[in-house]
Structures are given as structure tokens and as C-alpha cells.
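In the numbering used here, the protein residues as written are 7 to 656.
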């Protein structure tokens with residue numbers, strides 16, 4: 007009945023057929039369709055159910071006919087069929103309505119529905135035809151495409167598609183973030199828009215590889231952003247092929263690796279310092295052992311000659327040179343991060359003079375170093391090595407600002423600066439880093455090329471340099487040292503007019519300690535036994551000579567193991583042990599532990615080329631009696647031993 011009614015409104019190819027033939031033909035079409043073709047009453051009761059409906063929904067016609075269409079409705083859509091029937095009863099047609107239906111097995115599938123009114127020959131509504139197409143696969147593909155589009159759109163990387171001529175077709179949000187251009191600004195533009203001037207052929211070479219079917223992977227290069235900044239990028243570029251396998255374009259993925267490259271530079275810098283620290287430790291140990299012999303013997307020799315003997319001035323020069331050499335090893339350790347800093351009252355002018363010879367040898371011969379230093383300035387609280395590193399770094403930076411083919415000057419001056427509210431406002435821009443008072447000034451002026459405003463704004467950035475090769479601490483580290491000393495630094499510069507760095511340190515009322523140059527006026531010892539444990543023969547001989555000069559009895563051992571064995575025999579007789587830190591066979595730390603095991607109240611003075619904080623950190627709270635840094639003079643060793651004999655613990 008349904009198909010004869012449907013036919014009654016059809017003026018198609020069945021017009022001249024017999025009704026039975028037409029019905030059979032229509033039935034064959036309906037039955038062979040991949041779509042579910044269903045007829046139903048205006049109440050939603052199923053009247054017919056083709057094989058397509060069986061495949062899509064899983065019910066046979068026998069199971070479905072006579073049942074309501076709600077049979078295939080999911081639980082969350084109870085009213086959908088009612089709403090559809092209401093539209094049909096109003097004579098409306100539902101076209102390509104995408105929704106969800108439930109199969110016999112309970113699976114949910116995506117379907118596209120087209121539902122039309124069925125009328126009898128008088129035009130009355132008597133039912134509805136229901137055509138359903140399973141679009142689950144298509145919806146899943148669409149969902150995957152949407153997800154892929156979202157991934158591409160919101161990826162941090164720049165994802166771009168381009169033609170084989172390098173014309174930009176698509177441009178994601180990541181590309182906007184990386185390069186600064188919006189999609190509308192670059193669509194239809196060539197990729198060469200992003201090339202720096204020094205890489206004009208790079209895109210052509212890349213496109214040549216793409217045309218040959220090659221893939222460019224993790225190619226690290228430089229690109230230019232909209233603002234003109236140069237950034238480090240890693241590129242992966244692949245051919246795009248059509249369904250026939252022909253190459254029609256390229257996908258271009260770019261990752262901004264500027265920060266990673268900076269971190270790699272920082273890591274290399276750190277590793278270099280670590281390597282330098284290892285080297286510095288070995289240099290400090292070996293060099294300071296040699297200096298101990300030189301300084302100790304020179305101080306003994308100085309005391310052994312008469313007051314007016316001409317050799318005394320030569321011996322004083324030896325002692326002074328040894329002390330300066332020792333200071334150089336401390337500077338090397340400080341630069342490498344292996345040193346620990348000692349805050350004391352210092353004369354900045356004296357520190358500059360002390361390092362001036364070393365500084366002069368570190369700058370080009372076309373640059374003259376001039377000093378204008380005040381001797382009457384107050385002292386400052388600081389670490390000598392750090393302040394001298396500031397001087398070294400600023401002078402070298404100034405010297406390198408002078409062209410190699412020109413003669414120039416670096417002038418270092420010291421003086422006083424009164425800092426009041428007016429000075430802080432007018433000169434320091436209202437800086438809150440300082441408190442009002444008197445400051446010692448250190449100025450380093452060069453006659454070099456000077457700097458423009460943009461360069462001045464970046465000179466304290468880590469890793470920023472205007473030189474072909476960075477040396478010294480770097481201005482960022484200099485600024486950190488100055489702030490660590492509660493000071494400040496001001497820079498004055500103009501292109502072609504040179505540069506001046508002005509450093510201010512808070513002045514103190516303290517006076518410098520006068521170094522003793524002769525031997526101490528100590529009471530002669532009463533033959534107390536001192537055990538010297540050191541692997542260097544020159545140290546053992548020098549210590550023996552110096553201490554015997556004061557009435558001590560000396561025994562010595564060449565390493566920690568031998569020293570412990572000797573101490574086991576002489577423990578009740580030994581008053582003090584002078585113990586080297588770094589030795590073969592058994593080092594100072596293990597020897598100290600075993601000495602304490604033999605005699606818990608043993609008095610041990612640790613000796614090392616490192617300074618006190620660095621050397622004794624492993625001995626904290628373990629009863630170390632004292633520390634003396636190599637190289638030491640006779641006066642220093644005699645005072646230390648006497649102090650430990652009288653007051654055995656640190």
C-alpha cells in the first residue's frame with residue numbers, strides 16, 4: 007500500500023509500467039540501498055524496514071515492524087522522535103538532521119536523518135518516510151580533523167604550509183607567537199619574509215631539497231621576526247603530496263630555541279668554570295706548596311742577616327713577590343667559583359696598585375693604563391679578590407673598546423663621594439640601593455668607541471657582549487659583586503666619546519691592619535713535639551727550620567698513613583700535628599679521623615692552599631684546633647702553633 011501511494015505522486019520512469027512492476031521496482035531499490043529506509047505511521051510505529059536498516063541498527067524487519075521508532079532512541083534523547091513527528095504532522099520535511107541512535111547491541115552511532123511526509127492520493131498525511139545514513143566513520147574523521155586542526159592551531163611551534171615556490175598558504179597561532187606576524191599579514195607572502203639579510207639563499211636551498219622529495223629535519227638556523235629581532239629556530243620541513251603521490255607543497259614546523267641556546271651557553275660557561283676550578287685547585291695546591299718554601303725560607307733568611315745588610319732589601323722583595331703570587335692563586339680560585347670570600351677592611355687604592363702590573367699585561371700594547379689613586383681615602387669592607395676582579399674586568403672591557411689600530415688610554419681613579427638625597431635623586435635616579443653617607447669611588451674611564459642608548463640598556467644582561475669574545479666576569483657578575491658589597495655602579499657613555507664606570511663602596515671608619523714583616527717576639531718553646539704530615543719535602547724542611555727556630559722539636563711523615571702510624575707511637579708526646587689537606591695514600595680528612603681515633607683530644611692544625619672556609623668545611627664540629635693557609639711565613643706559622651698550644655680549639 008505504501009509504495010503504491012508513493013508511486014501515485016511519482017511521474018518518473020515507472021509512469022508507463024504496470025502497478026505491480028512499479029511496486030517491484032521500487033521495492034528492489036529500497037531493499038538494495040545502503041541507507042536505512044523506513045516507513046512509519048504518524049504515531050511513529052514502524053511499517054517497513056529494509057535491509058539497510060537491518061545493517062545499520064542490527065534489528066531484523068521481524069523484530070522492528072510494529073514497534074515504535076523510540077526503539078532506536080538513546081536514553082538521553084527521549085523527546086526527539088516526538089518533535090520530529092510534530093514537524094511531519096505540520097507538513098514539514100526534516101533534512102540532513104545529524105543525531106545519535108542506538109543499535110540493537112547498545113552501541114551509539116552517528117546518523118544523518120531525512121524524514122518526509124507521506125500523503126495519500128487525496129493529499130492527506132498518512133505517515134512518514136525515514137531515511138537514515140550511518141555517518142559514524144565520517145564524524146570520527148571530522149573529529150580527528152578538528153582535533154588535528156586544534157593541535158596545529160594552538161601548538162607552541164610555528165606550523166606553516168607553503169607552495170613549492172615558498173608562498174605561505176597557512177599560518178597557525180604558534181607562527182604568530184614565534185614570528186610576530188598575524189596570518190592575514192603573511193598569507194600569500196614568500197617565506198623569504200623571515201630570512202635575515204645574511205642568509206638570502208637558505209629558503210631556495212630548502213625548497214630544492216623538498217622538490218627532490220627530501221625532508222629537512224631539526225635544521226638549526228636564524229630567522230627574523232616582525233620586530234626585526236633575530237631568533238634561533240629549529241626547522242623541520244617535509245614534502246606535501248596529493249593523492250597521486252605528486253609533491254604539491256611543503257609543511258614547515260619551526261621551534262623557537264633561543265632560550266634553549268642561551269641555557270646551553272650558560273651550561274658551557276658553567277662547565278668551563280668547573281674545569282677551571284679543577285685546574286685552579288691543582289695549581290693552588292702545587293704552587294702554594296712551592297711558595298711556602300720560598301716565603302718561609304725568605305722570612306728566616308731575613309731574620310738571619312744584620313739590620314743593614316744589603317741583601318735584606320732583596321729578601322723583602324722575595325717575600326713581597328711570594329705574597330703577590332699567592333694572591334694570584336686566590337684570584338684564580340675566586341673566578342672559578344672554588345674560593346670563599348673573606349670580608350675585611352681594605353684600601354681600594356692599595357688593591358688597585360697591587361693588581362696593576364697583572365692588569366697591564368692583560369691589555370693590548372696600544373692601550374696605556376694610567377692610575378690616579380688617592381692614598382688618604384677611608385677603608386671599605388669587602389673581599390680583596392672580588393674587588394680586584396672588578397678592577398680587572400672593567401679595565402679589560404675598557405681596553406677592548408679601543409680599536410686595535412688606535413692608541414688609547416684606560417684611566418683608573420679613586421676618591422671620595424658624598425652621597426646625599428640630592429645626589430641619589432640627580433645622579434642615581436632616586437636609587438634606593440644606597441643610604442646617605444660617605445662612599446669610596448672607583449672610576450674606570452676609557453677613550454674607546456663608547457656606547458649608544460640601546461647598548462647601555464643591555465650591558466648588564468647575562469651573556470650580552472659587544473666584543474668578539476667575552477672575558478673576565480662579565481658586567482652582570484660585576485654588578486652582582488658591587489651590590490653584594492652594598493654599593494652601586496653608574497655608567498656614562500656616548501658613541502665616540504668613551505665610557506666611564508663609576509663604582510661606589512660604603513666607607514668605614516676602620517683602619518688597615520699593619521702587616522708584620524719580622525719574626526714574632528714569642529717566648530721560646532720548651533721543646534714541644536710537633537708532627538708535620540705533608541707529602542712535599544720542601545714544606546717539611548721549611549716547617550722544621552721555622553719551628554726549630556722557636557725551640558720546638560719536629561718529626562715528620564710523608565703522607566697521612568705514615569703520619570697516623572707515627573702518631574700511634576708518639577701520641578702521648580706530640581703536642582701539635584700540622585696536617586696537609588691533599589696528599590697521596592691517605593688524604594688529610596681520613597688522616598684526621600684516624601688521629602682522633604687514636605687520641606680524641608689531639609691538636610691538629612690543618613694546612614691547605616685553599617682558604618679557611620673552603621678547607622675546613624668538612625671538619626666543622628669535629629674538633630679541629632686551627633687552620634693555616636699556604637703559603638705561610640715563619641711569623642704566621644709560629645703564631646698559629648703557639649695559639650693552638652695555649653688554646654687548642656678553633
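Even glycine gets a Cβ: it sits at the ideal position worked out from N, Cα and C.
Limits of the alpha helix (DSSP H) - the one that residue 495 falls within: Taken as a continuous stretch (DSSP letters only), residue 495 belongs to no alpha helix (DSSP H), being part of the beta strand (DSSP E) at 494-499.
Under the three-state DSSP convention, the category residue 139 falls into: strand
Candidates 295, 327, 231, of which the one nearest residue 264 by Cα: 231
Inside the segment 353-388 only - alpha helix (DSSP H) runs reaching at least 4 residues: 354-368
Neighbourhood of residue 304 by C-beta distance below 6 Å, restricted to the same chain and skipping five residues each side: 321, 324, 325
Residue nearest to residue 289 in terms of C-alpha spacing, selected from 649, 627, 616: 616
Where residue 424 sits in the DSSP three-state scheme: strand
Three CB pairs or more closer than 8 Å across the segment 502-513 and the segment 446-455: yes
Check whether residue 156 and residue 181 have beta carbons under 8 Å apart: no
Best match in 330, 128, 61 for proximity to residue 362 [C-alpha to C-alpha]: 330
Complete runs of the alpha helix (DSSP H) confined to the segment 293-342 [at least 4 residues]: 317-341
Residue 121 to residue 68 span [Cα, whole Å]: 22 Å
Buried versus exposed, by CB contacts within 10 Å (16 or more), residue 563: buried
Rounded Cβ spacing between residue 636 and residue 424 (contact assumed at less than 8 Å): At roughly 42 Å, the Cβ-Cβ gap does not stay under 8 Å, so residue 636 and residue 424 are not in contact.
Short Cβ contact (8 Å threshold) for residue 100 with residue 116: no
Simplified DSSP state of residue 558, which is helix, strand or coil: coil
Where the alpha helix (DSSP H) containing residue 408 begins and where it ends: Run containing residue 408: none; DSSP gives neither H nor E here.
Pairwise C-alpha distance: residue 359 and residue 489: 23 Å
Reduced DSSP secondary structure (H/G/I, E/B, other) of residue 198: helix
Coil, strand or helix - residue 660 by DSSP: With the chain running from 7 to 656 in the structure shown, residue 660 is simply not present.
7 Å CB neighbourhood of residue 140 in its chain, flanking five on each side removed: 62, 115, 117
Burial state of residue 160 (16 or more Cβ within 10 Å): exposed
Length of the line joining the Cα atoms of residue 558 and residue 646: 13 Å
Close beta carbons around residue 372, own chain, < 6 Å, minus the five adjacent residues each side: 413
Outcome for residue 460 when other beta-carbon atoms lying within 10 angstroms are tallied against a minimum of 16: exposed
Boundaries (first-last residue) of the alpha helix (DSSP H) holding residue 225: Taken as a continuous stretch (DSSP letters only), residue 225 belongs to no alpha helix (DSSP H), being part of the beta strand (DSSP E) at 222-230.
Segments of 4+ residues assigned as alpha helix (DSSP H) that fall wholly inside the segment 139-183: 142-160
Distance between residue 179 and residue 588 (C-alpha atoms, nearest Å): 59 Å
Proximity below 8 Å, CB of residue 484 to CB of residue 354: no
First through last residue of the alpha helix (DSSP H) which encompasses residue 597: 594-604
Simplified DSSP assignment, three categories, for residue 646: helix
Stretch pair the segment 247-267 + the segment 597-609: three plus CB contacts closer than 8 Å: no
Identified DSSP bridge partners for residue 240: 226, 261
Three-way DSSP call (helix, strand, coil) for residue 586 in this model: strand
Reference residue 367, options 49, 309, 272, 402, closest by Cα: 402
As assigned by DSSP and simplified to three states, the class of residue 68: helix
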